[in-house]
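S.K.: In the numbering used here, the protein residues as written are 1 to 140. Beta carbons: idealized from backbone N, C-alpha and C, even for Gly. To start, I am sharing the structure in question, which I have written as structure tokens.
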Amino acid sequence: MAEHRNPKPTVDVVIVLPDDCVVLIERLNEPSGWALPGGFVDEGETLEAAAVREAREETGLEVDLIEQFHAYSDPRRDPRRHTITTVFIGRASGEPAGGDDAARAEAFRWTGLPSPIAFDHAEILADVRRYLLTGARRRL
Numbered sequence: 001m002a003e004h005r006n007p008k009p010t011v012d013v014v015i016v017l018p019d020d021c022v023v024l025i026e027r028l029n030e031p032s033g034w035a036l037p038g039g040f041v042d043e044g045e046t047l048e049a050a051a052v053r054e055a056r057e058e059t060g061l062e063v064d065l066i067e068q069f070h071a072y073s074d075p076r077r078d079p080r081r082h083t084i085t086t087v088f089i090g091r092a093s094g095e096p097a098g099g100d101d102a103a104r105a106e107a108f109r110w111t112g113l114p115s116p117i118a119f120d121h122a123e124i125l126a127d128v129r130r131y132l133l134t135g136a137r138r139r140l
């Protein structure tokens, strides 16, 4: 009998700083590019705990989660395997510094995001920015 395969749960955090910048990490591993801080949920860990842990490990920031934004599940969103991410919006203060599997972490103005952006994170960033500006949530 074949083993049933499931998508892997992940979390991503859109960290908004007081000066209305957003924090991104430059990935140390493939796929390369800039990305939201995030990663895989460990067994026995809540989504919220995973989001705070991943943000701290990759940016050095202590993040306060404001809200759970949306789940993204397109099987093509991660070229390594099928993942489902739960995206959180969080706030933090301080200067981000890369750690763990982030080569570096930096704050960017919404109008000056770097390139390339990995995974589907450009779509996520656009959705969150629209929501922050207008209150309009992503349509299913």
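Can you give me the C-alpha to C-alpha distance between Glu26 and Trp34, rounded to a whole angstrom?
M.R.: As a position in the sequence shown, residue 26 is number 26, starting the count at 1. As a position in the sequence shown, residue 34 is number 34, starting the count at 1. Their Cα atoms are separated by approximately 4 Å.
S.K.: Count the other C-beta atoms from every protein chain shown that fall within 10 angstroms of the C-beta of Glu30, then say buried if there are 16 or more, exposed otherwise.
M.R.: Working through the sequence shown from its first residue, we reach residue 30 at position 30. Its Cβ having fewer than 16 others within 10 Å, Glu30 is exposed.
S.K.: Restricting to Cα atoms, I'd like to know which of Leu133, Phe69, Arg139, Tyr131 is closest to Asp12.
M.R.: Locating residue 12 in the sequence shown gives position 12, where the first residue counts as 1. Asp12 has its Cα closest to that of Phe69, out of Leu133, Phe69, Arg139, Tyr131.
S.K.: Taking Cβ to Cβ, would you say Ile15 is nearer than 9 Å to Leu61?
M.R.: Position 15 of the sequence shown, counted from the first residue, corresponds to residue 15. Position 61 of the sequence shown, counted from the first residue, corresponds to residue 61. Going by C-beta atoms, Ile15 is nearer than 9 Å to Leu61.
S.K.: Take Asn6 as the anchor and find which of Ala105, Phe88, Ala122, Ser73 has the nearest alpha-carbon.
M.R.: On the sequence shown, residue 6 is found 6 positions in, with the first residue counted as 1. Measuring from the Cα of Asn6, the nearest candidate turns out to be Ser73.
S.K.: So, does the CB of Pro18 fall closer than 9 Å to a CB anywhere in chain C?
M.R.: The structure shown contains no chain C; it holds only a single protein chain.
S.K.: How is Arg91 classed by DSSP in three states: helix, strand or coil?
M.R.: Start at 1 with the first residue of the sequence shown, and residue 91 comes out as number 91. It is a strand residue.
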